[in-house]
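>
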Amino acid sequence: MKAPMPMVTIFKALDISDLIKISRKNKVKLNMLMCWCIGKAASSIEEFYMLPVGEKLVQYDKIAVNTVVTTQNGGISTCDIPFSDDIKIFNRDYLKLTKRVYDTCKPYDISDEYMVIGTSALINHDIDGVVNIYAGTYNNPFVIWGKYKKKLFKSILKLSFQFHHTQMDGDHAGTFLDRLQKKIKHLKIIGCDCK
16 MKAPMPMVTI FKALDISDLI KISRKNKVKL NMLMCWCIGK AASSIEEFYM LPVGEKLVQY
76 DKIAVNTVVT TQNGGISTCD IPFSDDIKIF NRDYLKLTKR VYDTCKPYDI SDEYMVIGTS
136 ALINHDIDGV VNIYAGTYNN PFVIWGKYKK KLFKSILKLS FQFHHTQMDG DHAGTFLDRL
196 QKKIKHLKII GCDCK
């Protein structure tokens with residue numbers, strides 16, 4: 016808790032070929048699918064329900080996934096989307112809440128009720144990863160990715176996952192990233208009729 020730099024960042028390349036196909040076939044946003052897969056992978060790991068706040072480790076019953084929204088005035092704002100195992104419910108909430116943030120140009124924050132996993136998609140940029148500065152204010156786990164690259168028969172997405180070491184160890188983080196890749200691949204098997 017008192018470490019001067021308690022944040023740890025892990026970099027990983029994911030195969031999102033199947034996610035891209037599902038996005039196109041079902042006419043759903045790729046970012047929504049990524050956010051759902053992140054929530055799905057995190058929801059089965061106990062450490063994702065805890066968050067270091069001040070000198071305490073706060074336990075939550077629910078998780079949410081945060082995304083950055085470009086607003087109608089050209090700015091950006093954040094939007095917390097409650098995670099649901101049901102991808103149709105998550106998609107409905109994603110569309111409704113991101114539209115609300117787009118229209119109002121104001122963030123939608125539910126962090127008092129949910130442990131929120133931050134995300135940021137820098138899809139216009141070819142990046143290998145991102146490390147955030149630690150300010151001691153926002154200790155939430157954070158996933159950032161850039162533009163995906165096509166390589167032979169795969170589409171590869173490089174991402175970085177930053178987390179507070181009090182919340183979880185590297186093994187928990189590695190398990191999360193492994194489960195994220197499996198959820199992306201599993202989505203191909205179960206399909207995704209999100210309409």
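For what it's worth, the working numbering labels the leading residue of the sequence shown as 16, then goes sequentially.
Note that the Cβ used here is the ideal one computed from N, Cα and C, for glycine as well.
#1: So Met187 and Ile60 are supposed to be a Cβ contact under 8 Å. How far apart are they, rounded?
#2: Counting Cβ pairs, one atom from each stretch, are 3 or more of them under 8 Å apart for the stretch 45-61 and the stretch 183-202?
#3: Could you check which residue in Val23, Ile102, Leu112, Cys120 has the C-alpha nearest to that of Ile199?
#4: What whole-angstrom Cβ distance do Ile171 and Lys164 have, given they're in contact under 8 Å?
#5: Could you tell me how far apart the beta carbons of Lys95 and Tyr123 are, in whole angstroms, since I believe they sit closer than 8 Å?
#6: Rounded to whole angstroms, what is the Cα-Cα separation between Asp30 and Val73?
#7: Can you list, in chain order, the residues of its chain with a C-beta nearer than 6 Å to that of Met130? Leave out the 5 residues immediately preceding and following it.
In this structure, then:
#1: Here the sequence assigns His to residue 187, which means Met is not the residue at that position. Indeed they touch by this definition, with Cβ atoms about 6 Å apart.
#2: As far as the Cβ criterion goes, the stretch 45-61 touches the stretch 183-202, which means the pair count is three or higher.
#3: Ile102
#4: 5 Å
#5: In the sequence as displayed, the identity of residue 95 is Asp instead of Lys. That pair is a contact at about 6 Å.
#6: Looking at the two C-alpha atoms, the distance is approximately 34 Å.
#7: Tyr64, Leu66, Tyr75, Ile78
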